[in-house]
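Peer 1: Same order as they appear, the protein sequences are chains A, B, C, D, E and F. When we follow this note's numbering, the leftmost residue of the first sequence carries the number 1, and every step to the right adds one. When we follow this note's numbering, the leftmost residue of the second sequence carries the number 1001, and every step to the right adds one. When we follow this note's numbering, the leftmost residue of the third sequence carries the number 2001, and every step to the right adds one. When we follow this note's numbering, the leftmost residue of the fourth sequence carries the number 3001, and every step to the right adds one. When we follow this note's numbering, the leftmost residue of the fifth sequence carries the number 4001, and every step to the right adds one. When we follow this note's numbering, the leftmost residue of the sixth sequence carries the number 5001, and every step to the right adds one. Glycine included, C-beta positions come from ideal geometry on N, C-alpha and C. No experiment lies behind these values; they were computed from the predicted model shown. Handing you a structure now.
Number of protein chains: 6
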Amino acid sequence: MDTDINLRRWLDTSLPGLVDELEKSINSGYHIEGGDTLSISGRDEIYKILDTILGVLFPGRYSPHKPLQKELHYFIHDSLRHIGAKLHRHLDEIFTYYCRDRKENCDCRQRVDSIIRILLTSLPKIRRDLIEDIHSAYDGDPAANNFDEIVLSYPFIEAIATHRVSHLLYKEGVPIIPRIMSERAHSRTGIDIHPGASIAPGFFIDHGTGVVIGETVTIGRNVKVYQGVTLGAISPFDKEGTPRRGQKRHPDIEDDVIIYANATILGGKTVIGKGAVIGGNTWITESVPPGAVVYSNC
Amino acid sequence: MDTDINLRRWLDTSLPGLVDELEKSINSGYHIEGGDTLSISGRDEIYKILDTILGVLFPGRYSPHKPLQKELHYFIHDSLRHIGAKLHRHLDEIFTYYCRDRKENCDCRQRVDSIIRILLTSLPKIRRDLIEDIHSAYDGDPAANNFDEIVLSYPFIEAIATHRVSHLLYKEGVPIIPRIMSERAHSRTGIDIHPGASIAPGFFIDHGTGVVIGETVTIGRNVKVYQGVTLGAISPFDKEGTPRRGQKRHPDIEDDVIIYANATILGGKTVIGKGAVIGGNTWITESVPPGAVVYSNC
Amino acid sequence: MDTDINLRRWLDTSLPGLVDELEKSINSGYHIEGGDTLSISGRDEIYKILDTILGVLFPGRYSPHKPLQKELHYFIHDSLRHIGAKLHRHLDEIFTYYCRDRKENCDCRQRVDSIIRILLTSLPKIRRDLIEDIHSAYDGDPAANNFDEIVLSYPFIEAIATHRVSHLLYKEGVPIIPRIMSERAHSRTGIDIHPGASIAPGFFIDHGTGVVIGETVTIGRNVKVYQGVTLGAISPFDKEGTPRRGQKRHPDIEDDVIIYANATILGGKTVIGKGAVIGGNTWITESVPPGAVVYSNC
Amino acid sequence: MDTDINLRRWLDTSLPGLVDELEKSINSGYHIEGGDTLSISGRDEIYKILDTILGVLFPGRYSPHKPLQKELHYFIHDSLRHIGAKLHRHLDEIFTYYCRDRKENCDCRQRVDSIIRILLTSLPKIRRDLIEDIHSAYDGDPAANNFDEIVLSYPFIEAIATHRVSHLLYKEGVPIIPRIMSERAHSRTGIDIHPGASIAPGFFIDHGTGVVIGETVTIGRNVKVYQGVTLGAISPFDKEGTPRRGQKRHPDIEDDVIIYANATILGGKTVIGKGAVIGGNTWITESVPPGAVVYSNC
Amino acid sequence: MDTDINLRRWLDTSLPGLVDELEKSINSGYHIEGGDTLSISGRDEIYKILDTILGVLFPGRYSPHKPLQKELHYFIHDSLRHIGAKLHRHLDEIFTYYCRDRKENCDCRQRVDSIIRILLTSLPKIRRDLIEDIHSAYDGDPAANNFDEIVLSYPFIEAIATHRVSHLLYKEGVPIIPRIMSERAHSRTGIDIHPGASIAPGFFIDHGTGVVIGETVTIGRNVKVYQGVTLGAISPFDKEGTPRRGQKRHPDIEDDVIIYANATILGGKTVIGKGAVIGGNTWITESVPPGAVVYSNC
Amino acid sequence: MDTDINLRRWLDTSLPGLVDELEKSINSGYHIEGGDTLSISGRDEIYKILDTILGVLFPGRYSPHKPLQKELHYFIHDSLRHIGAKLHRHLDEIFTYYCRDRKENCDCRQRVDSIIRILLTSLPKIRRDLIEDIHSAYDGDPAANNFDEIVLSYPFIEAIATHRVSHLLYKEGVPIIPRIMSERAHSRTGIDIHPGASIAPGFFIDHGTGVVIGETVTIGRNVKVYQGVTLGAISPFDKEGTPRRGQKRHPDIEDDVIIYANATILGGKTVIGKGAVIGGNTWITESVPPGAVVYSNC
């Protein structure tokens, strides 16, 4: 009890100074996260928008209750409107903030409308691509018993569906939001696909934990990848030691390639040719011709 | 404001057509997730049942409030009843749906009762196995200070407890549900154990991220595994290129084996003999005799 | 319907015996989780305290609503008080329980006050270290566009912020709680840092999935690490086969070292010298001199 | 502890029979609430629809967060769509059920669409009436400081807004739902207005607890009523003692009437003439001419 | 901003003393609500138990989701068990507390088991009585269209169902809990029935707001009551001015009586004879013979 | 299905116009609830602050979990701080809004600090008054068994505790918030006390439904009131028919008065003298001398 009273007294006398010190630390030096104008900092809003988008692509998969067949029309319409309204608010805020913050001559705010239109009208195409991805998963995994099992339980589906949405926003120049989306999928699946990566339909990642796909990767149709595969940069820095921001740093993977578990493929000039098979545990920093089969020398 | 009004008008005129297109895409071509009869699509129901089962095995570990000692009896009885009632509903639905969907001559619905009885009466055995697993963790990890720490914080416990439940349902032929259970553990722990794998008690996985254990793996008593280990197939396809569904594709691990981090062991004919030690970063596609020690040649 | 009635009758007749068996199993043999006195077993309480601490370090990042600028002062003061009160309760319980449980001559309960004071007064220092970590991330990753993106989306931030808190509690001898904190970060990020590891500021882990950093690791300033890196023990056992609890088992990493993806560095006597570069997929069990560059021989 | 075990044993042996008895009681004799087809029984769905409607009439008043000015358009559109979709589902269910239940020759299901259209297109008129009601409240209550205070705190507003919605549905012949709506307002405000009552705009009830307004009441413009006023039937039964279902049983109140606290006005032939003032605690079963002032003789 | 800082400083300096003053006020003089041993103080637990009981009496009426027909058996069994377990905990606590508090020679704790058995085995009888009450409502109210409407929307149902449960607990001598149950119904319906009142089946209260039924009231079969009726005491005090605790203070109402709105019937020796009709607004302090009709003299 | 499609098409074509009409109606004519600057419109924030205040007065009574004895100090301190911070935000907003709205020369914003200080430092006094109220309830109601029962179940306690807080804010000139607080208590208890009424300690209302206490009422010490009592105005209008805003309109009740059920006492010049007893159902518009006993002439 005595110690308890001592703690109370210490809190009463010490907290005022400690609070001032922390407040000063937050307000000066480095003030993160956009002051009062930017409401995304909790990220939950972004997750909700993403879930609404994913819910249109696979109704019922990302919500506790599945819409009945006869409610489907209303469900889709409501969802699209909701996406439009919520994205409008957040894109408006985020473009306003980053323009002000950077003092750039910014007409980006005018692009908010255009981005929403592009996203909504792209959803049928994104869904078609995802159906191809599901076919690839079924054809590529002997453990898959039916499409439902894939949609309901494969982590890859969450990763690629999220990526196809975040990649579209990335291409339209939306700051931060695509990365927040991708990192949620990363956290849940262990699959880390940068929103910048360009991935054709028919893609499949089995198991997936530890997969890393870098910002400037391109991947062709019907490519299969296993757990622990890295498609990365040889070095993040150029010869002067400065980060190679905005440059092509990661490999190109052509159609029909298979990359087995824990293979590492690095470099912006590295091309894995159409139909090549890259064995597990390999380390590749140069191009591989079409149809080649590369084994690990371990 | 102008742009805002433009967006509104665009939504008013464009959404009706877009909704029709998406609805058609969902209803035709590929209609996933069992129409109105299958209520599991949100997966939350399955997670709740699993948490109730895990809650009986480790009371308080999977619920915000721990039952008091004197409430334990009521808590267990309530939980078992709840498991029975909820599983009955979902198994009934899921067997009905997959029978109808596949037009197979199905007496599986009659098995629902039997499956529930088997699961409930197996819980004491599952708990005994898990206690052995905890002992293995304590004996195998110098960082473990006590059993409580293992149960409360080791990701391995969630993975193996979930597996011992999902494996039982898998053996009884339950569709989809075992995989949904296993993939939740995979998402939370980075440990990917297929429900089909057969694992004896006294098992321990340290750290665990990136571990993959395939559908037809068997693991003996007192086996220890570290992060990044793959127990997989050499190829998912046979010589004709069709997926090897239902075949033995993954290795057998005998009693007392230790497999260090990032080792890869592949193939349905590969047997790791009793007491063998497989070093880190190794790549193994052939059997290893009992007692052998295999180092990486990297 | 018949089967349904059969199940009911079976539950009515079989559950009483089954409940007794499970209750006995829980109460005897191994009774986990501290009886009625220890309320942490659900772990949610620990997560809430951790989120409050992280919320003081990055206001708004770990709560759905961000405090307005003018509310910041109240927010911090409220948070610190809340941390103090909640930690007091749980530390008091946990020290009481483990003292009683172990029958050790325990004056640890008197340390509760002191631990809370140390934690609260350390928060400004922890925040300064984290700002250095963010600078390292920005300098080390070409894909990072600004600090906000790092704080809002990089999994590394959650891992290192959690670690800096759990490490402080670990050093003060708090049982179990630090590990519960660290394992939440592990689950969400795939980065497994033991609370015992000592990490200087300016640290950065890119991608992160599969990283394992052991209990007795030390890491110097401005070290960079990539996905899949293990800083581990050569063996958890000494020559007699007993776990090497409490001994130095893991390597020391000096300032300015870079360790690329999937490198494995093992052993308590292994030192990676200042400024060394460890290539991807390497396997290292002996010390590396300062400035050295080590490539994989695969 | 003994008693505790006794109770367990009693539950184990007695519950099976008790459950059978209760199940039989629920399934036979009187089986309420529409079997599996009628999902309104929990009433929460009806409350949510009502709150969405009220939210369109007074944005922000019935939801935790108020829409920003620039979000208002999206908010209204979303709300109207949501009302349409949800009402469609519940009206369809409820008409189907009551048709089946009553074996009447029912084309009422075809009326679902029409009812929804009438409700939605009536909302601007309902809002205009409510604005008149608010003006009456401001003019009639010296304690009212401004319109905001009335909208935010007067129980009358909830009662009359709910009534104007439930009355519309009542007129369209919707079963049960209007009464569920009205009774929520009754529970919260103590004001019991039957959905059948017809009330012109400019109505005001001060304090309101205990007010009862019967099914066949009509009320003219700018009528003011105080707490405890009953507008009721002389007797619910006709001379033969059977309930007078569907007959005119309650009074008509003409324009500009004021009825003070605890007055009771009964009978289907009773008319309170334009501009009359009915004093507190009066008991009136015959018509009162226009402009008359009636005092209590107590 | 200045004022803001002033407030902060005032809080820092003034709160410690203010907290001490309030803590002292709570701990001394009058210390309510049973210290740490009594967990009911938030009342939510009692409400949950009551809702579970009401849910067994009218499945689906008091829970968001209605059990399907085929789930009814499980639902009832689960509910009864849940009621048993939760009541056991709270009755045990509350009897322990009030015994300790009052220093009475208490064997009441032994009665906990017996009370639970009596409550559970009485549920079929309580349900039968409630069905009679519903019949009375249908027969007595011309505005009632069907039984569903009564069960789903009449406030009287909540009041009488709650009363039939709380009265049973009152008769068994349970402290406080019956009153907490009754007051929830009072709050929601405006009908204030003391748990002590004894009410035969076939009871009906129309509208109900303002009805007060005192502790020692008895009511016979098929009695109908309207809004604002008081069945009360002439005076709470005896001639010496001390409260007449435990004495008969309220009237007896025999079978088939009708009491119209706002009638007041007072006194422990007042008997309203079988079949009497009491008019609205009457004030009665003496007995009324069977079959009499009493009108208001106002 | 046809009708369903018809409805969809109608929504698609008709909603845009309907939304415009409603938006215009909300934005023009009468624009309620303070635009974007006033966040109280959902009222939930005000309820939370009130619950925190009531929670300090009766710890545990207004929150699901009761603070343990040893946590009491932290609980009170946290609560007071929370009240200060939250009130500061809302008072600041509301004073700013009403000043701007009314164009009055307003220094009221400077009063925010002062109001918070007055409220917090008044809490011990408010608690002392409430303890007196509880004593009055125990002495005045034979059905009350102990203080706990009164605090946990009597609606009067919620009404008077809320009133003592809202009255303090009313006296300080806070707009709207006091009325929102009082009306919550009115909704839950049926007791309608205007925040302006001045009530000395030792007050008790039994049953309470239908009680109305007007804005300019004053009530002395140890006054007891029963259900349905009105302390009101003779007329809300002066001779010219304009509302008598800000004038004394309601009676004064001196010490030790008892007012039985459904009595009505009206008028700003009406004084009920010390110790008078007002019988049930009386109608009083003139003063009553001290010690008098007034019966109903009905």
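What three-state label does DSSP hand residue 4243(E) in the structure shown?
Peer 2: Three-state DSSP puts residue 4243(E) in a strand.
Peer 1: Could you have a look at residue 160(A) and say whether DSSP puts it in helix, strand or coil?
Peer 2: Three-state result, residue 160(A): helix.
Peer 1: What number of angstroms, rounded off, separates the C-alpha of residue 57(A) from the C-alpha of residue 5013(F)?
Peer 2: Answer to the nearest angstrom: the Cα atoms are 25 Å apart.
Peer 1: Residues in the same chain with beta-carbon distance under 7 Å from residue 4133(E), minus the five sequence neighbours each way, listed in chain order, please.
Peer 2: Taken in chain order, the residues that qualify are 4160, 4201, 4202, 4203, 4204.
Peer 1: So the candidates are 4210(E), 4074(E), 4070(E); which of them puts its Cα closest to the Cα of residue 4281(E)?
Peer 2: With distances taken between Cα atoms, residue 4281(E) lies closest to 4210(E).
Peer 1: Are residue 218(A) and residue 191(A) close, meaning C-beta to C-beta below 8 Å?
Peer 2: In this structure, residue 191(A) does not lie closer than 8 Å to residue 218(A) by Cβ.
Peer 1: Please report whether the beta-carbon of residue 1192(B) lies at a distance below 8 Å from any beta-carbon of chain C.
Peer 2: Answer no: the Cβ-Cβ gap between residue 1192(B) and chain C never drops below 8 Å.
Peer 1: May I ask which residues mark the beginning and end of the beta strand (DSSP E) holding residue 264(A)?
Peer 2: Residue 264(A) -> beta strand (DSSP E) spans 264-266.
Peer 1: Using alpha carbons as the reference points, say which of 3270(D), 3292(D), 3271(D), 3188(D) lies closest to residue 3279(D).
Peer 2: Closest option to residue 3279(D), Cα to Cα, is 3292(D).
Peer 1: Which residues bound the alpha helix (DSSP H) around residue 4055(E)?
Peer 2: Looking at the DSSP string, the run of the alpha helix (DSSP H) that includes residue 4055(E) is 4044-4057.
Peer 1: What do you get for residue 2231(C), buried or exposed, if any count of 16 or more other CB atoms within 10 angstroms of its CB means buried?
Peer 2: Residue 2231(C) comes out buried.
Peer 1: So what's residue 2210(C) in DSSP terms, helix, strand or just coil?
Peer 2: Residue 2210(C): coil per DSSP, three-state reduction.
Peer 1: According to DSSP, is residue 20(A) part of a helix, a strand, or is it coil?
Peer 2: Looking at residue 20(A) - three-state DSSP - the assignment turns out to be helix.
Peer 1: List the residues of chain D that residue 5018(F) touches, going by C-beta distances under 8 Å, in chain order.
Peer 2: Simply 3080, 3120, 3121, 3123, 3124.
Peer 1: Examine the Cβ distances between the stretch 3147-3159 of chain D and the stretch 4143-4159 of chain E and report whether three or more of them are shorter than 8 Å.
Peer 2: With a cut-off of 8 Å, the stretch 4143-4159 of chain E and the stretch 3147-3159 of chain D do not count as touching, because too few Cβ pairs lie within range.
Peer 1: Just the chain F side, please: which residues come within less than 7 Å of residue 2117(C) by C-beta, in chain order?
Peer 2: Near residue 2117(C) there are no residues of chain F at all, since even the closest Cβ is about 15 Å away, more than 7 Å.
Peer 1: Taking Cβ positions only, does residue 5074(F) come closer than 8 Å to chain I?
Peer 2: Considering every chain present, this structure includes no chain I. Its protein chains are A, B, C, D, E and F.
Peer 1: Within the 8 Å Cβ cut-off, does residue 77(A) reach chain D?
Peer 2: For residue 77(A), the answer is yes, since a Cβ of chain D falls inside 8 Å of its Cβ.
Peer 1: Strictly below 9 Å CB to CB, what residues from chain E border residue 3096(D)?
Peer 2: The premise fails here: residue 3096(D) is roughly 14 Å from chain E at the closest Cβ pair, so nothing lies under 9 Å.
Peer 1: Hey, how far is the Cα of residue 4050(E) from the Cα of residue 3098(D)?
Peer 2: The alpha-carbon atoms of residue 4050(E) and residue 3098(D) are separated by roughly 30 Å.
Peer 1: Taking C-alpha atoms, which residue in 2195(C), 2158(C), 2071(C), 2162(C) lies nearest to residue 2175(C)?
Peer 2: Among 2195(C), 2158(C), 2071(C), 2162(C), the Cα nearest to that of residue 2175(C) is on 2195(C).
Peer 1: Provide the residue(s) that pair with residue 3288(D) in DSSP beta bridges, ordered along the chain.
Peer 2: BP columns for residue 3288(D) point to 3272(D).
Peer 1: With contact counted as at least three CB pairs below 8 Å, one residue from each stretch, are the stretch 4064-4080 of chain E and the stretch 1073-1091 of chain B in contact?
Peer 2: Touching, yes, given that three or more Cβ pairs across the two stretches are closer than 8 Å.
Peer 1: If we cut at 8 Å on Cβ distances, does residue 3043(D) have a partner in chain E?
Peer 2: Output row for residue 3043(D): interface = yes.
Peer 1: Exposed or buried, what is residue 4026(E) when buried is set at 16 or more other beta-carbons lying within 10 Å of its beta-carbon?
Peer 2: Buried: at least 16 other Cβ atoms inside 10 Å.
Peer 1: Could you work out which residues of chain D lie near residue 89(A), taking near to mean beta carbons separated by less than 9 Å?
Peer 2: The answer, in chain order, is 3068, 3070, 3071, 3074.
Peer 1: In the structure shown, what three-state DSSP assignment does residue 3001(D) receive?
Peer 2: With a pLDDT of 42 at residue 3001(D), under the threshold of 50, the modelled position of this residue cannot be trusted; read the value that follows with caution. Note: residue 3001(D) maps to coil in three-state DSSP.
Peer 1: What's the C-alpha gap between residue 3277(D) and residue 3135(D)?
Peer 2: Looking at the two C-alpha atoms, the distance is approximately 20 Å.
Peer 1: Among the candidates 3172(D), 3126(D), 3137(D), whose CA atom is the shortest distance from the CA of residue 3162(D)?
Peer 2: Checking every option, the nearest Cα to that of residue 3162(D) belongs to 3126(D).
Peer 1: Tell me, which residues are paired with residue 3283(D) by DSSP?
Peer 2: Residue 3283(D) pairs with 3264(D).
Peer 1: Can you tell me whether residue 4246(E) is buried or exposed, with buried defined as 16 or more other CB within 10 angstroms of its CB?
Peer 2: So residue 4246(E) counts as exposed.
Peer 1: Would you mind sorting residue 2017(C) into buried or exposed? The rule is 16 or more other CB atoms within 10 Å of its CB.
Peer 2: Per the 10 Å Cβ criterion, exposed.
Peer 1: Given this structure, state the Cα-to-Cα distance separating residue 180(A) from residue 43(A), to the nearest angstrom.
Peer 2: Answer to the nearest angstrom: the Cα atoms are 7 Å apart.
Peer 1: Does DSSP classify residue 3092(D) as helix, strand or coil?
Peer 2: Three-state DSSP puts residue 3092(D) in a helix.
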